[in-house]
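Peer 1: Residue numbering for the sequence shown is 489 to 1011, as defined by this note's numbering. All C-beta atoms, glycine included, are put in the ideal place defined by N, C-alpha and C. Take a look at this one; I'll ask things after.
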Amino acid sequence: MNFEEILSLIGGFGRFQKLLYVWICLPQVFLAFNQLASIFTGATPPHVCLSAPLAPGARRGGPNSTSLLLLHRGEEEACPDPRNGSNHSCPGGWEYDTSVFSSTVVTEWDLVCDSAWINSVVSSIYMAGLLVGAVGFGSLSDRYGRKPVMLIGLALQAVFGVGAALAPNLYVYALLRFLVGSGVSATLINAFVLGTEWTGPKRRMLAGLMTDYFFGLGYVLLAPLAYLLRDWRHLQLAISAPCFLFFFYLWVLPRSARWLLNNQRKEEAHLLIRRAGQLNRQPLQEDLDMQQLFGKDKVELRIHTLMDLVRTPGMRKQTLIVFYLWFVTILIYYGMSLNISDFGDNLVLGHLLFGLVEFPARTTVLFTINRSRRLTQAGSLLLGGLACLVLVLVPHDEELTPVRMAIGLLGKFGATASLSVIFIYSAEIFPTVIRQNGIGMGSMCGRLGGVLAPVVYLLKDYHVHTPMILFGLSTLIGSGITLLLPETANNPLLETIEEVEEGHRPKKTDPAKPRPLSCSSCL
């Protein structure tokens, strides 16, 4: 009896699984907070270089300061001579507009003008933490289980997130944000895996959508939170300290029975399965013992490695395309999300709108993905890429801000939809024998896109339209090469690499049959 059959005996999505998803969904809100907090903690307000130090007892940004008249004249006029634009050439220090944010990372450590690039690098360092966390905690999860590694991830977010709010200098802050990013990865990946390993196939897609919506909820809630907490340290503390409350997960969060079985801990798995059946009011028969449930130990099959992803021509072609789709999807998603100031001066309102568009984007995917994975993926990237290129044609005039925002929302819609599709599509592209390796490496490529997204915006210093052109063209390329992949909607999953090479697709199944789960918040 395989584990899917065991789940059907105890209820594939009963009270036990619903309660489990409550515990899985709650952290998603705080994961979204950490993923997007730098939009506000690293905001750059209007600023000006003072020609002389302030008089003793005087305050920066005072309402009577004549230098405030220069604050809205743009970065070029606020900075010293571009040929010698060092912060050290600003003898009186910097004065910042505090009408929106009383303090940010930028204003505290003067990350403006020739030092503005450091702010983007700090964001990339956080994204690098996501990448390192995915690699390190992914292997630890396979070795020690989903629950303990997820708890470690939550602890890292709480401890190092609070530490970042108290950071004495920029270097310590960047290091702590890196560690927070690694904790976010540990939580995201293991929450997803734990949920899917306990959920029957009929409800996996719906259950995955629940986690996506809670991530979107966190996205939206960050806007009013940032509006209320104008000091970056207070905001950082507010999104991190509540993670200590997840300490009670030590007692309420179950382990993965599937992982216990794979690691020959059958007695523990047996107890968990019986407990789940009782909670679902579908208890196992008393005379059904472990031997009947789990059968005899299976003979170990050949272990496949990462090289199997590219060893054969057909598999290599599909692997490289999927990896690129992961990369470009995360690149445009965070490239647009983290640079909301490019679509208007009101960061809070812009972020709120970008968060709200997540819900219709994810819901739309539900109605299209069962018709065609390939066309849904290609269409989402096409919409995102075209929006980026159209933005190049719209001037940065104040009168056209609503137009830029509307186009930006279309691009964000496409990026979010693509993010909702890519996990399920890649899970179906890779055959069973290398599916875990394929998804893991694809996720790593996506995180590389997240690392580069803030850096790409540094190219604005060379030409204002360069970032959007790069985002648009790379995304359109992704849309085009998606059409080279096979259609997987309503088809059984392939089991071996040989089936891929032979171009063999078993007979189509009932369209109503559920498919594997997507997990876009796992980035």
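Exposed or buried, which one is residue 559 when buried takes at least 16 other CB atoms within 10 Å?
Peer 2: Summary for residue 559: the model assigns pLDDT 46, below 50, so the residue's position carries little reliability, and this model does not support an answer.
Peer 1: Suppose contacts are defined by Cβ-Cβ distances below 8 Å. Is residue 530 in contact with residue 590 by that definition?
Peer 2: No, Cβ-Cβ distance for residue 530 and residue 590 is not below 8 Å.
Peer 1: Tell me which same chain residues have a C-beta within less than 7 Å of the C-beta of residue 936, skipping the five on either side of it?
Peer 2: So the list reads 619 and 815, once near-sequence residues are dropped.
Peer 1: With DSSP as the reference, label residue 829 as helix, strand or coil.
Peer 2: Of the three classes helix, strand and coil, the one that applies to residue 829 here is helix, per DSSP.
Peer 1: Could you tell me whether the Cβ of residue 717 comes closer than 8 Å to any Cβ of chain B?
Peer 2: Among the chains in the structure shown there is no chain B, since it carries only a single protein chain.
Peer 1: Assign residue 506 to one of three DSSP states: helix, strand, or coil.
Peer 2: Three-state DSSP puts residue 506 in a helix.
Peer 1: With which residues is residue 537 paired in a DSSP beta bridge?
Peer 2: In the DSSP output, where bridge partners are listed per residue, residue 537 has 582.
Peer 1: Who are the near neighbours of residue 822 in its chain, counting only those whose CB is closer than 7 Å to its CB and skipping five residues on each side?
Peer 2: Closer than 7 Å at Cβ, skipping near neighbours: 938 and 941.
Peer 1: Per the contact definition of three or more C-beta pairs closer than 8 Å, is the segment 947-964 in contact with the segment 864-873?
Peer 2: The segment 864-873 is in contact with the segment 947-964.
Peer 1: Quick one: grab the DSSP three-state call for residue 798.
Peer 2: Reduced to three states, the DSSP call for residue 798 is coil.
Peer 1: In chain order, what residues of the same chain lie with their CB nearer than 7 Å to the CB of residue 553, ignoring the 5 residues before and after it?
Peer 2: Note that residue 553 has pLDDT 41, beneath the 50 cutoff, so the model's placement of it is unreliable and the number below is only indicative. Result list for residue 553: 583, in chain order.
Peer 1: Only counting runs of 4 or more residues, tell me where the alpha helix (DSSP H) segments fall wholly within the segment 691-722, in order along the chain.
Peer 2: Here the runs fully enclosed are 692-716.
Peer 1: How many Å lie between residue 812 and residue 514 at the Cα?
Peer 2: Straight-line Cα distance between these residues: approximately 31 Å.
Peer 1: Would you mind reading off the limits of the alpha helix (DSSP H) that contains residue 606?
Peer 2: Looking at the DSSP string, the run of the alpha helix (DSSP H) that includes residue 606 is 604-632.
Peer 1: Can you give, in chain order, each stretch of the beta strand (DSSP E) that sits fully within the segment 829-859 and has at least 3 residues?
Peer 2: Complete beta strand (DSSP E) runs here, min 3: none at all.
Peer 1: If we ignore side chains and look at the alpha-carbon of each, how far apart do residue 915 and residue 895 end up?
Peer 2: Approximately 31 Å between the Cα atoms of the pair.
Peer 1: Nearest to residue 518 by alpha carbon, out of 536, 667 and 676?
Peer 2: Closest by alpha carbon: 676.
Peer 1: Here's the rule I'm using: 16 or more other beta-carbon atoms within 10 Å means buried, otherwise exposed. How should residue 752 be labelled?
Peer 2: Result: exposed.
Peer 1: On the CB-based measure, 16 or more other CB atoms within 10 Å of its CB, does residue 510 come out buried or exposed?
Peer 2: Exposed.
Peer 1: Quick check on this structure: which residue in 622, 523 and 601 has the alpha carbon closest to the alpha carbon of residue 933?
Peer 2: Comparing Cα positions, the closest option is 622.
Peer 1: Can you check whether the CB of residue 683 is closer than 8 Å to the CB of residue 695?
Peer 2: Yes, these two residues count as a Cβ contact at 8 Å.
Peer 1: Measuring CB to CB, does residue 664 end up less than 8 Å from residue 809?
Peer 2: For residue 664 and residue 809, no; Cβs fall outside 8 Å.
Peer 1: If you draw a straight line from the alpha carbon of residue 950 to that of residue 882, how long is it in whole angstroms?
Peer 2: In a straight line, the C-alpha of residue 950 is about 18 Å away from that of residue 882.
Peer 1: For residue 666, which option in 648, 592, 656 and 657 has the closest C-alpha, if you only look at C-alpha atoms?
Peer 2: Residue 648 is the option with its Cα nearest to residue 666.
Peer 1: Considering only residues of the same chain and omitting the five flanking positions on each side of residue 864, which have a CB-CB separation below 7 Å?
Peer 2: Correct list, in chain order: 853, 856, 857 and 909.
Peer 1: According to DSSP, residue 587 sits in a beta bridge with which residue or residues?
Peer 2: For residue 587, which the question treats as bridged, DSSP gives no partner whatsoever.
Peer 1: Does the beta-carbon of residue 710 have 16 or more other beta-carbons within 10 angstroms, so that it is buried, or is it exposed?
Peer 2: Flag for residue 710 reads buried.
Peer 1: Quick check: residue 670 and residue 943, are their CB atoms within less than 8 Å of each other?
Peer 2: Not in contact: residue 670 and residue 943 (Cβ atoms no closer than 8 Å).
Peer 1: Enumerate in chain order the residues of its own chain whose CB-to-CB distance from residue 841 is below 8 Å, with the five nearest sequence positions on each side excluded.
Peer 2: If we look at residue 841 and ignore the five residues flanking it on each side, its Cβ neighbours are 893 and 897.
Peer 1: Is it buried or exposed for residue 686, if we count other Cβ within 10 angstroms and need 16 for buried?
Peer 2: The residue is buried, with at least 16 neighbouring Cβ atoms inside 10 Å.
Peer 1: With H, G and I counted as helix, E and B as strand and the rest as coil, what does DSSP make of residue 531?
Peer 2: Residue 531: coil per DSSP, three-state reduction.
Peer 1: In chain order, what residues of the same chain have a beta carbon less than 7 Å from the beta carbon of residue 862, not counting five sequence neighbours either side?
Peer 2: Cβ neighbours of residue 862 beyond the five flanking positions: 970, 971, 973 and 975.
Peer 1: With a threshold of 6 Å on Cβ separation, who are the neighbours of residue 645 within its own chain once the five nearest residues in sequence on each side are excluded?
Peer 2: Once the five neighbours on either side are set aside, the close Cβ partners of residue 645 are 668, 671 and 731.
Peer 1: Quick check on residue 522: does DSSP put it in helix, strand or coil?
Peer 2: The answer is helix: DSSP assigns residue 522 an H, G or I state.
Peer 1: Thinking residue 699 and residue 604 are a contact (beta carbons under 8 Å), I'd like their distance in whole angstroms, please.
Peer 2: Not quite, the Cβ-Cβ distance comes to about 35 Å (not below 8 Å), so this is no contact.
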